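Numbering-wise, the working numbering comes out as the position in the sequence shown, counting from 1, plus 23.
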Amino acid sequence: MASAAGDANEIALECQVSALTHARHYGKRAIATTASMLAIAAILTGTATAASEKDRLDELFNDESKSWSEIAVQLPAPPQPANLLPFDVSNVATQKFAVDAKSLDVGSDGVIRFTLVAISTSGARNVSYQGIRCAANEHKIYALGQADGTWSCARRDQWDPIINNAMNRQQAALAGDYFCRGGGVAGKLPDMLRRLRQREVLNKDLLN
């Protein structure tokens with residue numbers, strides 16, 4: 024068990040380093056690209072210098088990055104059937120979904136993290152460790168579960184908008200029906216677990 028926990032922590036650390044590198048790489052590239060555009064605009068209009076605009080952009084970017092930061096992520100133990108809480112997604116969903124109750128957690132950064140189990144009509148099972156950020160209406164996949172109970176880092180390690188018009192709208196269902204309200208976290212962890220166990224949705228009109 025200690026070895027498995029150690030392996031999970033190492034994988035979590037690799038995922039975090041990958042996410043940090045991704046953020047730094049794309050953040051710097053975005054600044055450089057925008058700064059270049061500002062430089063061209065400055066030459067054409069003569070109203071500002073490229074250097075001053077780049078400094079201002081750097082300051083804005085740094086302030087934004089400091090406004091919210093994600094805590095270190097620890098991957099949970101693999102889900103057990105007895106701990107799975109099924110939830111409704113839509114009447115036309117092609118898969119069945121469940122949350123591992125033991126993995127559900129609300130971080131100090133406001134992110135709700137959980138293990139999601141998706142089961143296809145053929146019985147194939149996909150396991151992933153995900154996060155939902157209510158304040159930004161975004162979701163993220165941290166890791167994918169393997170057949171031997173271990174985790175592997177997700178290839179797409181970034182936050183994506185929650186889509187509410189997809190056939191399998193699992194993130195939208197969790198965010199809208201159980202986790203989020205008014206751009207914030209809806210209650211505490213026991214409240215979310217109770218809603219999932221009792222199928223007590225926050226917004227019944229989303230189940231269609």
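Beta carbons are placed, not taken as given, at the ideal position from N, Cα and C, and that holds for glycine.
Source: prediction; values computed, not measured.
| query | Is it true that the CB of V150 sits closer than 8 Å to the CB of F137? | reply | For the pair F137 and V150, the CB atoms are not nearer than the 8 Å cut-off.
| Buried or exposed: which applies to T104, given that a residue is buried once 16 or more other Cβ atoms fall within 10 Å of its Cβ? | Correcting the residue type first, residue 104 is Pro in the shown sequence and not Thr. With fewer than 16 other beta carbons inside 10 angstroms of its own, P104 counts as exposed.
| query | Taking only runs of the beta strand (DSSP E) that begin and end inside the segment 88-155, which ones reach a length of at least 3 residues, in chain order? | reply | Entirely contained in the segment 88-155, the beta strand (DSSP E) runs reaching 3 residues are, in chain order, 107-110, 118-123 and 134-143.
| Out of curiosity, what's the CA-to-CA distance linking L108 and L219? | Straight-line measurement puts the Cα of L219 at about 6 Å from the Cα of L108.
| query | Rounded to the nearest angstrom, how far is the Cβ of D111 from that of R222, given a contact under 8 Å? | reply | In this structure D111 is in contact with R222, their Cβ atoms being roughly 7 Å apart against a cut-off of 8 Å.
| task | Would you mind stating whether Q118 and N191 have Cβ atoms separated by less than 8 Å? | result | Against a cut-off of 8 Å, the Cβ pair of N191 and Q118 comes out as a contact.
| Residues in its own chain within less than 7 Å of N106 by CB, not counting five upstream and five downstream? | Excluding positions up to five away in sequence, the list reads D123, A124 and K125.
| Do three or more CB pairs link the segment 171-185 to the segment 138-149 at distances below 8 Å? | No, the segment 171-185 is not in contact with the segment 138-149.
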